[in-house]
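S.K.: If you scroll down you'll find the structure; I have some questions about it.
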Amino acid sequence: FIKGDAESLPFEDHTFDAVINVESSHCYGNVDAFVKEVSRVLKPDGYFSWVDLRGKDMVDETESIFNLAALNLIHNETITKEVIQALDEIHERKMAMIADNVPKVLQSAFKDFAGVKDSQIYNAFQDGNAVYLAKAFQKVTL
């Protein structure tokens with residue numbers, strides 16, 4: 842593993858056949874810089890797979906960030922329904938793990954982070970204030 846910054850990747854141009862980003866880009870300070878870096882390090886015809894959550898008010902901005910001439914969108918799906926189903930299926934296990942392993946004073950924060958039922962993010966998914974997006978791109982050969 843190499844420690845790096847997603848907004849300034851420590852790799853040469855055209856290094857990777859594929860880049861995968863799962864549920865982390867919402868924490869980046871500059872998603873635009875991240876997407877440009879992904880495009881830079883991908884080989885021609887390389888693939889970029891991305892899944893993450895966004896507030897519904899951020900979807901249009903996110904879409905525009907991914908709209909780079911060098912990246913061709915080949916898959917675009919909203920998977921919020923499936924994420925809610927998965928959260929429902931693992932709810933009891935998460936609750937038990939939190940109860941067994943997390944000090945009581947921190948359990949509320951862990952429940953929110955874990956997305957258990959009635960957590961802030963779970964409720965946002967349920968009421969449509971947050972969505973979970975899945976996208977795949979192929980780098981265009983220039």
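With the sequence shown counted from 1, adding 841 to any position gets you my numbering.
For each residue, glycine too, the CB sits at the ideal point set by N, CA and C.
With DSSP collapsed to three states, give me the class of Lys980.
M.R.: Three-state DSSP puts Lys980 in a strand.
S.K.: Considering Cα atoms alone, identify which of Lys952, Met899, Lys884, Asn964 is closest to Ala937.
M.R.: Here the closest residue by C-alpha is Lys952.
S.K.: Please confirm whether Val876 and Thr856 have their CB atoms less than 8 Å apart.
M.R.: No, the Cβ-Cβ distance between Val876 and Thr856 is not below 8 Å.
S.K.: Between Gly887, Val900, Lys922, Gly870, which has its C-alpha nearest Ala911's C-alpha?
M.R.: Ranking the options by Cα distance to Ala911, first place goes to Gly887.
S.K.: Taking buried to mean at least 16 other C-beta atoms within 10 Å of its own C-beta, is Val839 buried or exposed?
M.R.: One cannot answer for residue 839 here, as it falls past the ends of the chain, which runs 842 to 983.
S.K.: Keeping to the same chain, check which residues put their C-beta closer than 7 Å to that of Ile906; ignore five residues upstream and five downstream.
M.R.: Correct list, in chain order: Val872, Asp873, Val876.
S.K.: Could you check what DSSP says for Thr856 in three-state terms: helix, strand or coil?
M.R.: Coil, per DSSP.
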